[in-house]
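*Asks:* The C-terminal position of the sequence shown is numbered 863 in this note's numbering, with every residue numbered one higher than the one before it. Sharing a structure, written as structure tokens. Questions coming.
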Amino acid sequence: MMKAHFSDFYLKSCFVLFFFLTSLFAAAALPFDDTLSAAELTDLKSGKVLIRNIGSYRKMSLTSKNKGAERIRDLMKDLRPTYLAEVIKIVPIKGNEDLDRRINDILLSIEDYAGIPYYSERAEKWYDLYSSAKIISSKKDGNSAMILADLEMSPFGVINTDILNENTGNYIYYESTNLNKLRYEDKITCVMPEKMKSSIVVFKDGNNWILYGAGGVAAPWIPFFNERIETSFINRIKTFCNFVFTKI
616 MMKAHFSDFY LKSCFVLFFF LTSLFAAAAL PFDDTLSAAE LTDLKSGKVL
666 IRNIGSYRKM SLTSKNKGAE RIRDLMKDLR PTYLAEVIKI VPIKGNEDLD
716 RRINDILLSI EDYAGIPYYS ERAEKWYDLY SSAKIISSKK DGNSAMILAD
766 LEMSPFGVIN TDILNENTGN YIYYESTNLN KLRYEDKITC VMPEKMKSSI
816 VVFKDGNNWI LYGAGGVAAP WIPFFNERIE TSFINRIKTF CNFVFTKI
């Protein structure tokens, strides 16, 4: 009887060790840390988009030394957001050699942002993420594009947005920043200028393209509104990154 119990314990221990080592080796094969579970890594490897509410820049999973990856980490570290989400997708390079060009075209098609479908969990209805998207000015300098745009997003009204897009050859880097105060339903100021930032980086890693997006908001605690504001911002950031990653 004792031998049977010991045998069961031994088998269970081996299984746990095998599962741990499998997760460890899977994480090591991709530029992400062990905050990603084995199930999340499996989803990524199968081509699914992974969306995570992480809350703090310290919980960003991207570990790559690529300069674009370092920029997105530094951006969120400097912002120190109250709310933060990351969106990840892995795409094989084979058969998608021009993915960087396609992503670049999508990101620069600012006026096509209008009409991106957004599902409100609170209202249980579909809306447009941006009801309008208008370019105010644009400037190109080599492989960099600097754009000022007015993006209208309910319930925050028109967001005066500074957009930077760079294609360095080693990575694509996209960054958007609000330039005006944002008011929730025109009742309460919830975000000050330059306190809402979204960024996307695309780069090669081994045989894969890594598509990584992060969006954060540095906002004060507002009694009775905090949860609603968090849901509004984070879900919209997730929606935008997911739109870009699934349109390719």
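Ideal placement from N, C-alpha and C gives every residue a C-beta, glycine not left out. None of the values given here were measured: they were computed from a predicted structure.
Pull up the DSSP beta-bridge partners for R717, would you.
*Replies:* Translated into positions along the sequence shown, residue 717 becomes position 102. Answer is none; R717 lacks a bridge partner.
*Asks:* With DSSP run on the structure shown, which of helix, strand or coil describes F860?
*Replies:* Start at 1 with the first residue of the sequence shown, and residue 860 comes out as number 245. Three-state result, F860: helix.
*Asks:* Specify, as a first and last residue, the run of the alpha helix (DSSP H) that M691 falls within.
*Replies:* By 1-based counting over the sequence shown, the position of residue 691 is 76. Taken as a continuous stretch (DSSP letters only), the alpha helix (DSSP H) holding M691 covers 682-694.
*Asks:* Could you have a look at I825 and say whether DSSP puts it in helix, strand or coil?
*Replies:* Indexing the sequence shown from 1 puts residue 825 at position 210. Strand, per DSSP.
*Asks:* Relative to the C-alpha of L656, which candidate in A738, R673, V816, I705 has its C-alpha closest?
*Replies:* The residue you call residue 656 lines up with position 41 of the sequence shown. Here the closest residue by C-alpha is I705.
*Asks:* Using the Cβ count rule (16 or more neighbours within 10 Å means buried), how would you classify N668?
*Replies:* Translated into positions along the sequence shown, residue 668 becomes position 53. With fewer than 16 Cβ atoms within 10 Å of its Cβ, N668 is classed as exposed.
*Asks:* For A641, count the other beta carbons within 10 Å of its own beta carbon; 16 or more makes it buried, fewer makes it exposed. Which is it?
*Replies:* Here residue 641 corresponds to residue number 26 of the sequence shown, with the count starting at 1. For A641, the predicted structure reports a pLDDT of 42, less than 50, and the residue's modelled location is therefore unreliable. A value from the coordinates is still provided. Counting Cβ neighbours within 10 Å, A641 comes out buried, since at least 16 surround it.
*Asks:* Could you give the first and the last residue of the continuous beta strand (DSSP E) run that contains E655?
*Replies:* On the sequence shown, residue 655 is found 40 positions in, with the first residue counted as 1. Run containing E655: none in the beta strand (DSSP E); it sits in the alpha helix (DSSP H), 653-660.
*Asks:* Does the beta-carbon of D715 have 16 or more other beta-carbons within 10 angstroms, so that it is buried, or is it exposed?
*Replies:* Counted from its first residue, the sequence shown places residue 715 at position 100. D715 should be labelled buried.
*Asks:* Quick one: grab the DSSP three-state call for F855.
*Replies:* Translated into positions along the sequence shown, residue 855 becomes position 240. F855 falls in the helix class under three-state DSSP.
*Asks:* Label I666 either buried or exposed according to how many other C-beta atoms from any shown protein chain fall within 10 Å of its C-beta, with 16 as the threshold for buried.
*Replies:* Walking along the sequence shown from the start, residue 666 turns up at place 51. Buried.
*Asks:* Go through its chain and collect everything with a Cβ distance to K853's Cβ below 8 Å, but skip five positions before and after it.
*Replies:* Taking the first residue of the sequence shown as position 1, residue 853 is located at position 238. The residues are I666, A700, V702, G830.
*Asks:* What does a CB cutoff of less than 7 Å around V832 pick up in its chain, not counting 5 residues either side in sequence?
*Replies:* Within the sequence shown, the letter at position 217 stands for residue 832. Closer than 7 Å at Cβ, skipping near neighbours: P696, T697, Y698, V806, K810, M811, F848.
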